[in-house]
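Below is one structure; the comments refer to it alone.
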């Protein structure tokens, strides 16, 4: 899984097999604490790691306020973790949108703009048989989900990054390996 680093230098990584998010503090990087998720598969928001549940969290993204965003892949949710550890659900995604693993076993690539108002992620739309993987944008303010509808054929989207103008860059792998740029 791809980690994120907050403005204090602490590293966060998802642990999908154990349904939790781990924090490795800069002061003692050899140790870690559970930042969210009590290890039980579920869908419970809250403040304490012992009371919150996740179900196979995917990759992480972080905004300029150190809020962490994740795709809760088995629950089909976009979730947010504040710097104090409060876990909230941002959006429930359509059931036709699969956030499960790609053939490479990687779950839920995502990126977030610096303000935390636009969340970009990859997913498999099970209603579009010809489209293996698509790019989506979720607008937190309007609670609207957008799909970039240009098929990438039999390739899969990989790691994602945003520039300051919110152009999204992603690598593809599979039948064609390339870097693509998506502008919504």
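Numbering (our numbering), first residue to last: 1340 to 1523. C-beta atoms are modelled at their ideal positions from N, C-alpha and C, and glycine is treated no differently.
Taking the DSSP output, what are the residues bridged to residue 1433?
-> BP columns for residue 1433 are empty, so no partner.
In chain order, what residues of the same chain have a beta carbon less than 8 Å from the beta carbon of residue 1520, not counting five sequence neighbours either side?
-> Within the same chain, 1506, 1507 and 1508 come within 8 Å of residue 1520 by CB-CB distance, once the 5 residues on both sides are set aside.
Short check: CB of residue 1342 to CB of residue 1409, under 8 Å?
-> Residue 1342 places its beta carbon 8 Å or farther from that of residue 1409.
Alpha-carbon to alpha-carbon, residue 1364 and residue 1375 = Looking at the two C-alpha atoms, the distance is approximately 15 Å.
Burial state of residue 1516, where buried means 16 or more other Cβ atoms lie within 10 Å = The Cβ neighbour count for residue 1516, taken over all protein chains shown within 10 Å, is under 16; the residue is labelled exposed.
Mind checking residue 1348: buried by the 16 CB within 10 Å criterion, or exposed?
-> Exposed.
Do you know offhand how far residue 1496's Cα is from residue 1461's?
-> Approximately 7 Å, taken between the alpha carbons.
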